[in-house]
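Read through the structure below, which is laid out as structure tokens, and then see the notes.
Chains as they are written, first to last, in the numbering used here: chain A, 1 to 737; chain B, 738 to 957; chain C, 958 to 1063.
Here's what the structure looks like:
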């Protein structure tokens, strides 16, 4: 090899030196491979950790904050909710079906690792433009992958986002959120303890999946092409049936109290699971690499230790419990193999048979606790002033406002109809609404609590491209209002930070700004961050994606007696806009981007005012004072009204919208509600009392959407455009899987 | 005394506890029947629920039909006792030969989850005694392989013998004759692709499933 | 059942020397939808071909292929077992046919 092994493994010279320092000697190749995967950006968050520390993470109801497999919050009645969000962007760009499928599998394991039964998935998806064949292929494959894995594994996919934009042409974003519930007392952590306890590997056999970076070691000593080809790492392939059995087996083990600690195998595979459980428990581990059941012949120890083969878990059990563990696993046809022993001290020893040769010996904690931490250079774009001065409000007014409105309508039904979104009988409000609303039942008794959990996922790359800080705060504002639209108050935030190359100072500036915006909003809304994921290096051909922080917000509905009002108003209802249009700034709006204008500034967000609007909307929804409710977001008031008209198949006549800027601006903190004539005064009075400005927009009636002086369209025409965009572009589905 | 419903569980089944919840809301008891056990636990009626038994590998239902529990279910059915297969359960019953035909991939080649309207075609079945012919009920579907297929002779026989129990008002999957559910010649075994257990609660968009499962409990 | 069988050449060496010993055969079962049964995957592929620039392709049918090894006393015994296996398990005779290829494992 021409370059030093550590560099080929992606470690810098400084990092390699630090390893030598930590060990007091030169590492061998297996040890180097283990450090290289654990100290990768993906596993160590070495570029982002310094900024993530600023996020607020505490509240009385937070049981487990960031840093564990999932965040956990107390939701009352002896029930805790575990939540996590992750990205699977790069695998999905290469093999969309398996990339998305294994993304679903991975997030599920993070949840049941905590002792929780996964009850819901959400999928925020972002692809290149619909007129790009490769982007369509990726979109179809990803949706099939989510559908194929999620449906089969038996966890409903209850919501998400589907966004198409130029910025994702070479680099789609496939994020996935999972929510689980557990009896509070069953909470378990990824922690080994008790010297003499055993580490049991559960689930699939280990193959050469996803060993990516470390595969360079495989070519050492092989010159012949055929041998190389056989050693090449393969795309990770998901097996939802294995995962389903693994879920049932693990939850049974936890129910019977057989598990001291448990960790899923994700990035960095066995290296990560073994070192984290040991170091979290302040113990060491002897890990017998020869005992690991394999799918392929001739695998070397470094391949076994870094493989990312799916559907595997590492459980720490007592020696007395092992037989019962084997028995329960065998009921579920899950392979269970003792691969490690908990030892005193903090050494992770990789051995070839417990009494055999020592292949590696490193302090377990150094693999993650000593991972490098970088404060990478940050720099605002050089032309920021000129960029911000170039407002989209300077663009010429559209000739045909109605045509521009129609162009922005897109129904995600093509996507979510391929997902089982009803399993477990919880889904009161499903995908396609502002937020998802689930019945909260006790995870073991199934008893109804009369309360509900609400979930929303929101991201807006347009806002964040214009101003990552305000854009992220505005995204949080939207998430808060989405929850309010189903009557929920926020409990906890998770985030998936999808950014470009952190070695570009501008990207680090975006990341830092976004975290500042999120911090302010989370504090203002009382929604602590309980977990997150950072996905960097989202770039193609040297171009970074627009910064795309995706927020997952979990909320609670205290009294779930009836289905909350949806988007559909009734003929004769009065329409009211709650919240002030602080600015008619068009920069960062979907309308501006569709005109090809991707510059300008965002008006600041008044987070206190947004919170007041959310409080008001929540009370109106829960007291059934409104007949329909919908937040104003992408596409502005125009798209909000059009979506409501389509949902109700009743038009409306709207006055008081000055121009296209007023119709399409995306000023945050606004919600459209409809009320009967009798209730309207009460709604206005309650808004007054709450200090929330209101605008009486007009009346729901007839079969046309008419905005005085701007547009007049048949609702049928809107409906057709709305419903047919995706089926027309993405055809009738794909057959893979 | 409240009847006891046996709910079959294969590895990969995922709707078993939904069925348990739905029949409990109608006042019945249930017992989970693990696929390796031949004992039906004293059940008065059996549901083969939805999901992906054995991952749907090879074909939906192909592996499940060989389970010990299915031998007992076949014997139970042969005694004229009520058996219903829902979704994957319907697929298992056709593979097991308890119902004619087969379920192929949907014509649109897409998994489909959503509300459908079903027309009641026969009231002489364990799921429809509380209904009238021509009634339209709203019950969700959730499947990739719900496209009912059988020979022309079988279809003619199903029609002649009034064994088509439900048809789709708006066919979502290409099923022959818009068939959503059928029964056997003895009329005690029914299979249907839609999920009645998903339509049994005020908060879930339809309560029509209570009519179907209520009928089922009447004969249990 | 419309099931066809294609058998490979029996290795003369194997046949002569190991007549009384069990032999290993490699088996390939091609499962296809029966003629006349609608094949949504096949027709979707066929419909998409002209747009991709492939003209003149017709009768596209999608099936699956199952491969395994089996120990049997001789070719005839292997054939009988595989035939059973196909009828009972690998195919659904309502909609599917199988084509079986058996040859001595190399």
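Beta carbons are placed, not taken as given, at the ideal position from N, Cα and C, and that holds for glycine.
Can you pull the DSSP bridge partners for residue i?
i	result
residue 718(A)	According to DSSP, residue 718(A) bridges with nothing at all.
residue 1053(C)	990(C)
residue 183(A)	79(A)
residue 782(B)	742(B)
residue 620(A)	DSSP output for residue 620(A) lists no bridge partner at all.
residue 771(B)	746(B)
residue 123(A)	160(A)
residue 980(C)	1029(C)
residue 668(A)	Answer by DSSP bridge pairing: none, since residue 668(A) is not bridged.
residue 857(B)	903(B)
residue 540(A)	543(A)
residue 485(A)	For residue 485(A), which the question treats as bridged, DSSP gives no partner whatsoever.
For residue i, which residues of its own chain have a beta-carbon under 7 angstroms away from its beta-carbon, when the five flanking residues on both sides are left out?
i	result
residue 139(A)	127, 730
residue 841(B)	882, 884, 886
residue 687(A)	578, 616, 694
residue 791(B)	747, 748, 749, 800, 801
residue 875(B)	852, 854, 936, 943, 945
residue 519(A)	54, 55, 56
residue 194(A)	260, 318, 342
residue 112(A)	118, 180, 247, 250, 251
residue 63(A)	72, 73, 74, 80, 187
Keeping to the same chain, check which residues put their C-beta closer than 6 angstroms to that of residue i; ignore five residues upstream and five downstream.
i	result
residue 748(A)	Outside the displayed range of chain A (1 to 737) lies residue 748(A), so it cannot be described from this structure.
residue 706(A)	653, 712
residue 742(A)	Residue 742(A) lies beyond the range of chain A shown here (1 to 737); nothing can be said about it.
residue 828(B)	797, 798, 840
residue 890(B)	none
residue 19(A)	27, 35
residue 269(A)	306, 307, 308
residue 588(A)	462, 463, 466, 602
For a test of your reading of the model: does the CB of residue i fall under 6 angstroms from any non-hydrogen atom of the ligand FAD? Yes or no.
i	result
residue 10(A)	The ligand FAD is not part of this structure, which contains no ligands at all.
Report the CB separation of residue i from residue j in whole angstroms; it is logged as a contact under 8 angstroms.
i	j	result
residue 171(A)	residue 466(A)	Wrong, their Cβ atoms sit about 20 angstroms apart, outside the cutoff.
residue 949(B)	residue 864(B)	5 angstroms
residue 757(B)	residue 767(B)	4 angstroms
residue 370(A)	residue 22(A)	6 angstroms
residue 529(A)	residue 66(A)	6 angstroms
residue 380(A)	residue 262(A)	In fact, because the Cβ distance is near 44 angstroms, the residues do not count as touching under 8 angstroms.
Residues in its own chain within less than 8 angstroms of residue i by CB, not counting five upstream and five downstream?
i	result
residue 464(A)	471, 472, 475, 510, 514, 546, 547, 548, 549
residue 844(B)	884, 910, 911
residue 640(A)	630, 631, 632, 633, 672
residue 1049(C)	none
residue 197(A)	260, 316, 317, 318, 319, 341, 342
residue 333(A)	245
residue 330(A)	336
- request: State whether the segment 488-500 of chain A contacts the segment 24-39 of chain A, with contact taken as three or more CB pairs (one from each stretch) at a distance under 8 angstroms.
  value: No: the two stretches stay apart, fewer than three of their Cβ pairs being nearer than 8 angstroms.
query: Below 8 angstroms, can you find three or more Cβ-Cβ pairs linking the segment 611-618 of chain A to the segment 666-686 of chain A?
result: Verdict: yes, contact present.
- prompt: Listed in chain order, which residues of the segment 129-163 of chain A have Cβ atoms closer than 7 angstroms to some Cβ of chain B?
  reply: Among the residues of the segment 129-163 of chain A, those with a Cβ less than 7 angstroms away from any Cβ of chain B are 147, 151, 152, 154, in the order of the chain.
Residues of the segment 782-796 of chain B whose Cβ lies closer than 8 angstroms to any Cβ of chain A, in chain order: Going along the segment 782-796 of chain B in chain order, one finds 788, 789, 791, 792, 793, 794 with a Cβ nearer than 8 angstroms to chain A.
- prompt: Name the residues in the segment 392-423 of chain A whose C-beta lies less than 9 angstroms from a C-beta of chain B; which are they?
  reply: Residues are counted here when their Cβ sits less than 9 angstroms from a Cβ of chain B; for the segment 392-423 of chain A these are 413, 414, 416, 417, 418, 419, 420, 421, 422, 423, given in chain order.
message: Closer than 8 angstroms is the cut-off here; do at least three beta carbon pairs connect the segment 93-104 of chain A with the segment 49-60 of chain A?
response: Not touching, per the Cβ criterion.
query: What residues in the segment 238-262 of chain A bring their beta carbon closer than 9 angstroms to a beta carbon of chain B?
result: Along the segment 238-262 of chain A, going in chain order, the ones with a CB nearer than 9 angstroms to a CB of chain B are 239, 240, 241, 242, 244, 245, 248.
query: Using a Cβ cut-off of 7 angstroms, which residues of the segment 1050-1062 of chain C contact any Cβ in chain B, in chain order?
result: 1051, 1052: these are the residues of the segment 1050-1062 of chain C whose beta carbon lies less than 7 angstroms from some beta carbon of chain B, given in chain order.
query: Does the segment 716-724 of chain A come within contact of the segment 640-648 of chain A, defined as at least 3 CB pairs closer than 8 angstroms?
result: Enough Cβ pairs lie closer than 8 angstroms, so yes.
task: Count the C-beta pairs between the segment 77-94 of chain A and the segment 558-566 of chain A that are closer than 8 angstroms, then say yes if the count reaches three, no if not.
output: Pairwise C-beta distances place the segment 77-94 of chain A out of contact with the segment 558-566 of chain A, as fewer than three of them are shorter than 8 angstroms.
message: Counting only Cβ-Cβ distances shorter than 7 angstroms, please list the residues of the segment 821-846 of chain B near chain A, keeping chain order.
response: Taking 7 angstroms as the Cβ-Cβ cut-off against chain A, the residues of the segment 821-846 of chain B that qualify are 845, 846.
Meets three-Cβ-pair contact criterion under 8 angstroms: the segment 60-79 of chain A and the segment 182-190 of chain A: Yes, the segment 60-79 of chain A is in contact with the segment 182-190 of chain A.
query: Just by C-beta distance, which residues in the segment 562-588 of chain A are closer than 7 angstroms to chain B?
result: Hits within the stretch, in order: 563.
- prompt: Relative to chain B, which residues along the segment 1018-1030 of chain C have a C-beta separation below 7 angstroms, given in chain order?
  reply: Residues of the segment 1018-1030 of chain C whose Cβ lies closer than 7 angstroms to any Cβ of chain B: none.
Validate contact between the segment 398-409 of chain A and the segment 131-151 of chain A using beta carbons, cut 8 angstroms, 3 pairs: No: fewer than three Cβ pairs fall under 8 angstroms.
- request: Please list the residues of the segment 858-890 of chain B that have a C-beta atom closer than 8 angstroms to any C-beta atom in chain C, keeping them in chain order.
  value: Answer in chain order: 884, 886, 887, 888.
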